[in-house]
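**Student:** With the first letter of the sequence shown counted as 1, position 360 gets the number 734 in the numbering used here; the numbers rise by one all the way through.
Before we start, here is the structure in question, set down as structure tokens.
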Amino acid sequence: MKTSRMLLALVFAFAAVAAHAEVRLPGFFNDHMVLQRDQPIAVWGWAKPGEDISVTLAGQSAVFPTPAGVDGRWRATLKPMPAGGPHTLTVEGSNKVVIKDVLIGEVWLCSGQSNMEWVVRNSDNPEREIAAAKFPQIRHVKVAKNTSGHPLDDLSARWEVCSPETAGNFTAAGYFMARELHKELGVPIGLINSSWGGTRIEPWTPIPGFGQVPALKDILNQVSLTQPDNAAYQARLTKHIADTEKWVGEARQALTAKSPVAPSPDYPNEIKPLTRHTHPTALYNAMIAPLVGYTMRGAIWYQGESNHSEGMMYHEKKKALVGGWREVWGIGDFPFYYVQIAPYQYGSEDPKILARFWEAQAASLEIPHTGMIVINDIGNIKDIHPKNKQDVGHRLALLALKNDYGRKDIVASGPVFDSLTLEGDQLRVKFKNAAGGLKSRDGKPLTHFELIGEQAEFVPAEARIDGDSVVLSAKNVKQPAAMRFAWHKLAEPNLANGAGLPASAFRAGEVPDYDFLELKVKEADDYELVYDLDLKKLGRDIHYTTDNSKKLKGEFDRVAYFIELRGSGGLQYAYASMDAFTGDLSKIGMPAVAAKAHFQTEVKNLTVVSNVKGVANGVNLPGGNIEFWPNNYGPTNSAKVRNASDSLWDFGDEPADPVDGYGCMQVHNADAKQTVFAVNQWKSGAGADLGIGNSEGRTRDWTFSGNAHTYETARLRVLVRLKK
375 MKTSRMLLAL VFAFAAVAAH AEVRLPGFFN DHMVLQRDQP IAVWGWAKPG
425 EDISVTLAGQ SAVFPTPAGV DGRWRATLKP MPAGGPHTLT VEGSNKVVIK
475 DVLIGEVWLC SGQSNMEWVV RNSDNPEREI AAAKFPQIRH VKVAKNTSGH
525 PLDDLSARWE VCSPETAGNF TAAGYFMARE LHKELGVPIG LINSSWGGTR
575 IEPWTPIPGF GQVPALKDIL NQVSLTQPDN AAYQARLTKH IADTEKWVGE
625 ARQALTAKSP VAPSPDYPNE IKPLTRHTHP TALYNAMIAP LVGYTMRGAI
675 WYQGESNHSE GMMYHEKKKA LVGGWREVWG IGDFPFYYVQ IAPYQYGSED
725 PKILARFWEA QAASLEIPHT GMIVINDIGN IKDIHPKNKQ DVGHRLALLA
775 LKNDYGRKDI VASGPVFDSL TLEGDQLRVK FKNAAGGLKS RDGKPLTHFE
825 LIGEQAEFVP AEARIDGDSV VLSAKNVKQP AAMRFAWHKL AEPNLANGAG
875 LPASAFRAGE VPDYDFLELK VKEADDYELV YDLDLKKLGR DIHYTTDNSK
925 KLKGEFDRVA YFIELRGSGG LQYAYASMDA FTGDLSKIGM PAVAAKAHFQ
975 TEVKNLTVVS NVKGVANGVN LPGGNIEFWP NNYGPTNSAK VRNASDSLWD
1025 FGDEPADPVD GYGCMQVHNA DAKQTVFAVN QWKSGAGADL GIGNSEGRTR
1075 DWTFSGNAHT YETARLRVLV RLKK
């Protein structure tokens, strides 16, 4: 019986070797495929080691037939061919592989997240578009979703001929681009659709790309540590093997002695393959690497929603993606065209986060042979998947026609910022690519222009077109310094060029370093700065940007606090001054444990200046109250602060153990039943509580809000008035 099993195993093993020895092509080389015209055509695959391979296409054989290497891999190169077909591709060795209906034309790789994966049947006017999709020379192949910790050498995918029966499942952005190119050029178009909804840019990027960008060193190190040829990987694995072997010996002894044994050593997490679809390189390895070598014209990219909060770091990652793909493909700086993502609500986040991302996407135009289309006029602020993919494809086609197919007369992008000039109390914004003159696409006054001047905050600007310029002005702004355009996540501006293409979000000029304390609070002229604290850098230990507590000499009779929070609602500030409640400068700053400050007391002659709606402003107000401590605290009003609640966290709370607890720094106006400002839970850093005025929900003093991370900037200054 044992001999029979061994013979059967040998038979299966022989069969596997025989099957592997057959000539085989990559799983996406099949009927209806499209090969790139006018470039050397690479054909590769696997066969029996040492076997001679012949490759024939349209009567042409491989220039240098290459015997399969010791690993069975072979590669042949055919001379460039003009557009045409259908042809037959034949590969022969010990067996023959025949691929029929092969076209020669233009090949484009289509990649990104859900808006690239978005199909024709889910786009605008799907019934009409699908019924009209009678373009047999447009071909599409969809790469299946897959991940890998290391580059794969093959994938399986079937080419489909465009017809009303198939086109509904094509990438919409790619299809509408292909349709226009096909009509304009009269050549076959092949689309390789390798996309996956919800994915970030890092998983699509190869290791060489991360290696090109110093800012991404941490990602490079993370991925490199999972590679078997990496010295650090080998060292960690060697140690793990030694630890495991030691454990095995101990376990055997324990088994014999019937004694307990510790669990076996865990495999080191840092060297495990990165196989999740969120991991760097994981999608490149499985869904792009097997395609490398397939000659193509270029790539189109529609991605960014999943990275949209990263600002200019996305620009660094885009450099890694493009540079990495170009390095591994080895066909030069092929065209790379991408879509700037559309305006969208993105919950309650700061509206400027998306604007800064648009800025990063535009910055990537510095990468050679790239192009970006702007779609802020054809999006849907209520739908992250705008259905108008027809215009997306059209604008991508314009870039290709102009830059790659010799149509130099085509206008392929909207107005692009050129220069900013101060003209009295106006700013002149000059644009390139005006294409015969700027215009309002809807005939209405231009929207979404803002400027900033001596009032120290951006305000809406009146915008007037003057040829290839827009002239900006605003009432009560006599000294404009800077401007911005479409700087909001919901911005759908109407500035366009003569070709009707929109302008992207941008900003220009230098915003002065305005001191809002100086600008808004005249009283502060008589005060001295004691502490300056960046509230975006909070933690268990308080590190002041400025600490003058040991430099200031003399007694003080007033203490003041000025807090600035810049977030989704713009700049908020609050100034609160009061008669001194202590004579010790070390106890008026953040009441961390080290400060040994603990106050729950009325403060007299409260002065409040704030731009937050609802906050009671005034001079020498009654009802001032402070709660400064590092402790935990509850809502019970044990101190009997007037107007305070016994059930809500507000301006009358009760401190509790431990002393090194949640922590609060709050100034209140009890008569107005409100918090002037609060800084709580500073030990949580980005999860600290920051607020001006009353909060809503279960508290009125911002306790449990954990909102520090939502602010772009946050700053607190502590001042005193010295006695004269």
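Glycine included, C-beta positions come from ideal geometry on N, C-alpha and C.
Owing to the predicted nature of the structure, the values given are computational and were not obtained by experimental measurement.
Taking residue 1045 and residue 988 to be in contact with their CB atoms under 8 Å, please state how far apart those CB atoms are, rounded to whole angstroms.
**Tutor:** About 14 Å separates the two Cβ atoms, so there is no contact after all.
**Student:** Measuring only the C-alpha atoms, how far is residue 961 from residue 826?
**Tutor:** Rounded to the nearest angstrom, the two C-alpha atoms are 38 Å apart.
**Student:** With C-beta atoms as the reference, is residue 1068 less than 9 Å away from residue 1062?
**Tutor:** No; because the gap between Cβ atoms is not below 9 Å, this pair is not in contact.
**Student:** Does the count of Cβ pairs from the region 1013 to 1025 and the region 1073 to 1086 closer than 8 Å reach three?
**Tutor:** The answer is yes - the region 1073 to 1086 touches the region 1013 to 1025, with three or more Cβ pairs under 8 Å.
**Student:** In angstroms with no decimal places, state the Cα-to-Cα distance between residue 925 and residue 1078.
**Tutor:** So the alpha carbons of these two residues sit roughly 36 Å apart.
**Student:** Per DSSP, which one or two residues make a beta bridge with residue 563?
**Tutor:** Paired residue(s): 480, 512.
**Student:** Tell me which same chain residues have a C-beta within less than 7 Å of the C-beta of residue 614, skipping the five on either side of it?
**Tutor:** Excluding positions up to five away in sequence, the list reads 639, 641, 642.
**Student:** Let me know if residue 595 comes out buried or exposed under the rule of 16 or more other beta-carbons within 10 Å of its beta-carbon.
**Tutor:** Exposed, since its Cβ has fewer than 16 Cβ neighbours within 10 Å.
**Student:** Give me the Cα-Cα distance between residue 647 and residue 616, rounded to the nearest whole angstrom.
**Tutor:** Their backbone Cα atoms lie some 20 Å apart in a straight line.
**Student:** Please confirm whether residue 408 and residue 431 have their CB atoms less than 9 Å apart.
**Tutor:** No.
**Student:** Report yes if the CB atom of residue 1092 is closer than 9 Å to the CB atom of residue 903, and no otherwise.
**Tutor:** A contact, by the Cβ cut-off of 9 Å.
**Student:** Under the assumption that residue 975 contacts residue 1000 (Cβ atoms under 8 Å), give the Cβ distance between them as a whole number of angstroms.
**Tutor:** Confirmed, about 6 Å.
**Student:** Taking buried to mean at least 16 other C-beta atoms within 10 Å of its own C-beta, is residue 404 buried or exposed?
**Tutor:** The residue is buried, with at least 16 neighbouring Cβ atoms inside 10 Å.
**Student:** Quick one: which unbroken alpha helix (DSSP H) runs of 4-plus residues sit fully inside the region 875 to 941? Chain order, please.
**Tutor:** You should have 890 to 894.
**Student:** Report the CB separation of residue 503 from residue 497 in whole angstroms; it is logged as a contact under 8 Å.
**Tutor:** So it is a contact: roughly 7 Å between Cβ atoms.
**Student:** Let me confirm a value: residue 669 is counted as buried when at least 16 other C-beta atoms fall within 10 Å, else exposed. Which label applies?
**Tutor:** Flag for residue 669 reads buried.
**Student:** Going by CA-CA distance only, name the one from 895, 856, 876 that's closest to residue 824.
**Tutor:** Minimum Cα distance to residue 824 is reached at 856.
**Student:** In angstroms with no decimal places, state the Cα-to-Cα distance between residue 934 and residue 973.
**Tutor:** For residue 934 and residue 973, the distance between alpha carbons rounds to 15 Å.
**Student:** The alpha helix (DSSP H) spanning residue 703 covers which residue range?
**Tutor:** That run of the alpha helix (DSSP H) goes 687 to 703.
**Student:** Can you check which of these residues, 918, 979, 883, is closest to residue 964 by C-alpha distance?
**Tutor:** Considering only alpha carbons, the answer is 918.
**Student:** In or out: residue 659 buried (at least 16 other Cβ within 10 Å) or exposed?
**Tutor:** Counting Cβ neighbours within 10 Å, residue 659 comes out buried, since at least 16 surround it.
**Student:** Measuring CA to CA, which of 967, 943, 480 is closest to residue 559?
**Tutor:** Taking only the C-alpha atoms, the option nearest residue 559 is 480.
**Student:** Residue 400: buried (16+ other C-beta within 10 angstroms of its C-beta) or exposed?
**Tutor:** Residue 400 is buried by the Cβ-count criterion.
**Student:** On the premise that residue 633 lies in contact with residue 692, defined as a C-beta separation below 8 Å, what is that separation, rounded to the nearest angstrom?
**Tutor:** Not confirmed; about 58 Å, so no contact.
**Student:** Report the residue ranges of all alpha helix (DSSP H) runs contained in full by the region 555 to 606; include only those spanning at least 4 residues, in chain order.
**Tutor:** The qualifying runs are 581 to 585, 591 to 598.
**Student:** Measuring only the C-alpha atoms, how far is residue 436 from residue 584?
**Tutor:** Answer to the nearest angstrom: the Cα atoms are 35 Å apart.
**Student:** Can you tell me where the alpha helix (DSSP H) holding residue 864 begins and where it ends?
**Tutor:** Careful: residue 864 lies outside any alpha helix (DSSP H) and carries neither H nor E.
**Student:** Comparing alpha-carbon positions, which option in 761, 629, 952 lies nearest residue 1042?
**Tutor:** Among 761, 629, 952, the Cα nearest to that of residue 1042 belongs to 952.
**Student:** Can you tell me where the beta strand (DSSP E) holding residue 806 begins and where it ends?
**Tutor:** 800 to 806 is the span of the beta strand (DSSP E), which, as asked, contains residue 806.
**Student:** Runs of 4 residues minimum, wholly inside the region 748 to 782: which ones carry the alpha helix (DSSP H) assignment?
**Tutor:** 763 to 778, all fully within the region 748 to 782.
**Student:** Pick out whichever of 955, 1007, 1048 has its Cα sitting closest to the Cα of residue 1095.
**Tutor:** The shortest C-alpha separation from residue 1095 is found at 955.
**Student:** What is the residue span of the alpha helix (DSSP H) that residue 735 lies within?
**Tutor:** Residues 725 to 737.
**Student:** Does the distance from the CB of residue 788 to the CB of residue 870 come in under 9 Å?
**Tutor:** Yes.
**Student:** Excluding the 5 residues preceding and the 5 following residue 586 in the sequence, name in chain order all residues of the same chain whose CB lies nearer than 8 Å to its CB.
**Tutor:** 693, 694, 697, 698, 701.
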